[in-house]
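A.B. asks: Under my numbering, the residues of the sequence shown are numbered 47 to 563, in order. Ideal Cβ placement from N, Cα and C applies to all residues, glycine included. Handing you a structure now.
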Amino acid sequence: MSIKIFVSKDSTALSLGSEQVAEAISKEAQARKLDIQIVRNSSRGLFWLETLVEVETVQGRIGFGPINPNDVKSLFDADFINGGKHPLALGLVSEIDWLKKQERLTFARMGITEPTSIDQYIEHDGFQGLKNALNLNPQAIVQTVTDSGLRGRGGAAFPTGIKWKTVLDTKAIQKYIVCNADEGDSGTYSDRMIMEGDPFVLIEGMIIAGLAVGASQGYIYLRSEYPHALKTLKQAIDIAKGAGYLGDDILKSGKAFHLEVRRAAGAYICGEETSLLESLEGKRGLVRFKPPLPAIEGLFGKPTVVNNVISLATIPIILAKGAKYYQDFGMGKSRGTLPIQLAGNLKKTGLIEKAFGITLRELLYDFGGGSLSGKPIKAVQVGGPLGAYLPESQFDTPLDYEKFSEIWAVLGHGGIVAFDETVNMAKMARYAFDFCAIESCGKCTPCRIGSTRGVEVIDHIINGQEVKKHVALIRDLSDTMFNGSLCALGGMTPYPVLSALNHFPKDFGVDAKELKA
């Protein structure tokens, strides 16, 4: 019997050399006439250990990492396929503390299964939620999602069940399920990991959503920079169709659901749900006025559920294990788990799935291992390029939507980017305005003009020109953008700008007393 060796084909693993490592292992095994089988599995998200090589043993999978092609010969010399000792040996992967301290619900199969193996998906509880949903009426499905406490994982944190109920209660001949997979925030990659590593969980979640609201057609609006996800999703959709999970007669239930992937337009603004719908209809991605809400008049003017990848990928476990099971994780009104993505200046970067309530300090030091440079962490940005910059004094804030709101911050998509003491926060604030100016759809004046003026005013402050006057102008401009913009792009740009100014005034050449004056 051949020995199974697992090497991830996740995009991050590929960028760190997993393809070359797999090839080197194959060539070395052939040269030594060893019978092995290389399995290209999904990623566990331990990116600080990639390329991670795992060997199947009777005890479980033994890990070695980080491996580069030059390490492969020494692995074989140490007889790693039979449990031989090696300096890069990690022991049982399932026992690595970084993994053991997590609560993996949405990401339960990641790193374990082959992405497009429907048999392995089913072996690991796949489609159990769908089978349960087929035995429920739409109202019961929506109620289960509502009772679970699931909120949108794309940024706005709107209760998923309420959105679904609005679509369910709106009468129409045609309804749609749209997955917002245009993951564009800095430091985020959880959507990509799901689509590349466990595509069937997203497909299952979208089918359940269709059953819940009476929608027979779904679209995945996929970020244009994700070629590997595109290939994997298309393969998975074809396999699901062939197995009877998609089409006119889902598992012979008489209920229909069809699914397509559409590539995004390459614009950050198309991550906003109404711009996304415009783009999906073949138009330029411009923000729509609300009302009407997309849940009432969405894609092609029909009732539409728009949820992001993680929201939809979490639905199967809720329907499989019940609302209470999921609700038992988390704190306050933030129920369940959040896939947290660690990036930036940290020793251990990667994906962590934890119940709400863990603090930033625990994430940065217990999981992230502190800064890679060894210098103190000065600030972290949570929630993408429009998220607030948080200083060390706020690192003990628990990850909770309401707790973050209390300190004028957002959780967003769960991306965390760390910066050490060498960062210049004035330049980061300037970048926020510049980013907004570049990515604005141009429909509303506060965003289109305000961001451009913001860059100019920040430059005046950095250059020490009439600082007090320009600080006041920045606050006034931010207030206009916050309250007057049509969508979150202009409305949230003040978060990184004002948080940087308030918490790190020295970087702007501003005396803290001037901020209070």
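1. On the premise that residue 413 lies in contact with residue 566, defined as a C-beta separation below 8 Å, what is that separation, rounded to the nearest angstrom?
2. State the Cα-Cα distance for the pair residue 371 and residue 142, rounded to the nearest angstrom.
3. Quick one: what's got a C-beta closer than 7 Å to residue 50's C-beta in the same chain, skipping five residues either side?
4. Taking the DSSP output, what are the residues bridged to residue 307?
5. Just curious, the alpha helix (DSSP H) that residue 388 is in, first and last residue?
6. Buried or exposed: residue 303, going by 16 or more other Cβ atoms within 10 Å of its Cβ?
7. Using a Cβ-Cβ cut-off of 7 Å (strictly less than) and excluding sequence neighbours within five positions of residue 321, which residues of its own chain qualify?
8. When you compare only the Cα positions, how much space is there between residue 483 and residue 498?
9. Express the C-alpha separation of residue 407 and residue 381 in angstroms, rounding to a whole number.
10. Taking the C-alpha atoms as reference points, what is the distance between residue 340 and residue 223?
11. With contact counted as at least three CB pairs below 8 Å, one residue from each stretch, are the stretch 155 to 170 and the stretch 181 to 191 in contact?
12. Assuming residue 576 and residue 279 form a contact by the criterion Cβ under 8 Å, report the distance between their Cβ atoms to the nearest whole angstrom.
13. Return yes when the Cβ of residue 99 is within less than 9 Å of the Cβ of residue 67, no when it is not.
14. Within its chain, find whatever has a CB closer than 7 Å to the CB of residue 540; leave out the 5 residues flanking it on each side and keep chain order.
15. For residue 466, which residues does DSSP report across the bridge?
16. Roughly how many whole angstroms lie between the Cα atoms of residue 250 and residue 212?
17. Secondary structure at residue 435, three-state DSSP: helix, strand or coil?
18. Report all residues from its chain with a CB closer than 6 Å to the CB of residue 404; omit the five preceding and five following residues, and keep chain order.
19. When DSSP labels each residue in this structure, what does residue 122 get in the three-state scheme?
20. So who's on the other strand from residue 474, going by DSSP bridges?
21. For the stretch 341 to 369, which segments carrying the alpha helix (DSSP H) assignment without a break, of at least 4 residues, lie completely within its bounds, in sequence order?
22. Short of 8 Å in beta carbon distance, which residues of its chain neighbour residue 563, apart from the five on each side in sequence? Order them along the chain.
23. Please return the same chain residues whose Cβ sits closer than 6 Å to the Cβ of residue 52, not counting the five positions on each side in sequence.
24. Pick helix, strand or coil for residue 517, following the three-state DSSP scheme.
25. May I ask you to report which of helix, strand or coil DSSP gives residue 563?
26. By Cβ distance below 7 Å, which residues in the same chain neighbour residue 468 in space, the five residues on each side in sequence not counted?
27. Output the boundary residues of the beta strand (DSSP E) element that contains residue 138.
28. Sort 443, 449 and 463 by Cα distance to residue 432 and report the nearest one.
29. Provide the residue span of the beta strand (DSSP E) that contains residue 256, from first to last.
30. In three-state terms, what does DSSP make of residue 400?
31. So residue 459 and residue 243 are supposed to be a Cβ contact under 8 Å. How far apart are they, rounded?
32. Going straight from the alpha carbon of residue 535 to that of residue 480, what length do you get?
33. Spatial neighbours of residue 62 within its chain, please: CB distance less than 6 Å, with the 5 preceding and 5 following residues excluded, ordered by chain position.
34. Taking three-plus beta-carbon pairs below 8 Å as touching, is the stretch 447 to 459 in contact with the stretch 501 to 508?
C.D. replies: According to the structure data:
1. The structure shown has nothing for residue 566, since the chain only spans 47 to 563.
2. Counted from its first residue, the sequence shown places residue 371 at position 325. Counted from its first residue, the sequence shown places residue 142 at position 96. Whole-angstrom Cα-Cα distance: 25 Å.
3. Translated into the one-based positions of the sequence shown, residue 50 becomes position 4. Cβ neighbours of residue 50 beyond the five flanking positions: 83, 85 and 102.
4. For the purposes of this step, residue 307 is identified with residue 261 of the sequence shown, where counting begins at 1. For residue 307, which the question treats as bridged, DSSP gives the partners 266.
5. Against the sequence shown, residue 388 aligns to sequence position 342. From DSSP, residue 388 is part of no alpha helix (DSSP H) but of the beta strand (DSSP E) over 383 to 390.
6. As a position in the sequence shown, residue 303 is number 257, starting the count at 1. Residue 303 is buried by the Cβ-count criterion.
7. Taking the first residue of the sequence shown as position 1, residue 321 is located at position 275. The residues are 315, 331, 332, 333 and 487.
8. The count along the sequence shown starts at 1 and reaches residue 483 at position 437. The count along the sequence shown starts at 1 and reaches residue 498 at position 452. Whole-angstrom Cα-Cα distance: 6 Å.
9. The residue you call residue 381 lines up with position 335 of the sequence shown. The residue you call residue 407 lines up with position 361 of the sequence shown. Roughly 20 Å between the two C-alpha positions.
10. Residue numbering aside, residue 340 sits at position 294 when the sequence shown is read from its first letter. Residue numbering aside, residue 223 sits at position 177 when the sequence shown is read from its first letter. Going from the Cα of residue 340 to the Cα of residue 223 covers about 11 Å.
11. The answer is no - the stretch 181 to 191 does not touch the stretch 155 to 170, with fewer than three Cβ pairs under 8 Å.
12. With the chain represented from 47 up to 563, any question about residue 576 goes unanswered, as that position is not in the structure.
13. The residue you call residue 67 lines up with position 21 of the sequence shown. The residue you call residue 99 lines up with position 53 of the sequence shown. Yes, these two residues count as a Cβ contact at 9 Å.
14. Counting from one through the sequence shown, the residue named residue 540 turns up at place 494. These residues qualify, in order along the chain: 524, 527 and 528.
15. Position 420 of the sequence shown holds residue 466. Under the DSSP definition of a beta bridge, residue 466 partners with 423.
16. Counted from its first residue, the sequence shown places residue 250 at position 204. Counted from its first residue, the sequence shown places residue 212 at position 166. Their backbone Cα atoms lie some 21 Å apart in a straight line.
17. Sequence index remark: in the sequence shown, residue 435 carries index 389 (1-based). Of the three classes helix, strand and coil, the one that applies to residue 435 here is strand, per DSSP.
18. Working through the sequence shown from its first residue, we reach residue 404 at position 358. Counting only Cβ-Cβ distances below 6 Å, and skipping sequence neighbours, we find 445.
19. For the purposes of this step, residue 122 is taken as the residue at position 76 of the sequence shown. DSSP, reduced to helix, strand and coil, places residue 122 within a helical segment of the structure shown.
20. For this step, residue 474 is matched to residue 428 along the sequence shown. Residue pairing by DSSP places residue 474 in no beta bridge whatsoever.
21. The stretch 341 to 369 contains these whole alpha helix (DSSP H) runs: 355 to 367.
22. Residue mapping note: residue 563 aligns to position 517 of the sequence shown, counting from 1. Below a pLDDT of 50, predicted positions are generally treated as unreliable, and residue 563, at 48, falls in that range; the measurement from the model is reported next regardless. Counting only Cβ-Cβ distances below 8 Å, and skipping sequence neighbours, we find 514.
23. The residue given as residue 52 occupies position 6 in the sequence shown. Only 85, 87 and 100 meet the Cβ criterion.
24. Mapped onto the sequence shown, residue 517 falls at position 471. Reduced to three states, the DSSP call for residue 517 is helix.
25. On the sequence shown, position 517 is the one that residue 563 refers to. Any reading at residue 563 is ruled out, since the residue's pLDDT is 48, under 50, leaving its predicted position unreliable.
26. The residue given as residue 468 occupies position 422 in the sequence shown. Cβ within range, chain order: 421.
27. Here the question's residue 138 lines up with position 92 in the sequence shown. Residues 135 to 138.
28. Position 386 of the sequence shown, counted from the first residue, corresponds to residue 432. The residue from 443, 449 and 463 with its alpha-carbon nearest to that of residue 432 is 463.
29. Counted from its first residue, the sequence shown places residue 256 at position 210. Taken as a continuous stretch (DSSP letters only), residue 256 belongs to no beta strand (DSSP E), being part of the alpha helix (DSSP H) at 245 to 259.
30. If you number the sequence shown from 1, residue 400 lands on position 354. Under the three-state reduction of DSSP, residue 400 is assigned to strand.
31. Numbered from its first residue, the sequence shown carries residue 459 at position 413. Numbered from its first residue, the sequence shown carries residue 243 at position 197. About 17 Å; that fails the 8 Å criterion.
32. The count along the sequence shown starts at 1 and reaches residue 535 at position 489. The count along the sequence shown starts at 1 and reaches residue 480 at position 434. CA-to-CA, the gap between residue 535 and residue 480 works out to about 12 Å.
33. In the sequence shown, the residue the question calls residue 62 occupies position 16. So the list reads 96 and 97, once near-sequence residues are dropped.
34. Using a Cβ-Cβ distance cut-off of 8 Å, the stretch 447 to 459 and the stretch 501 to 508 are not in contact, since fewer than three pairs of beta carbons, one from each stretch, lie closer than that value.
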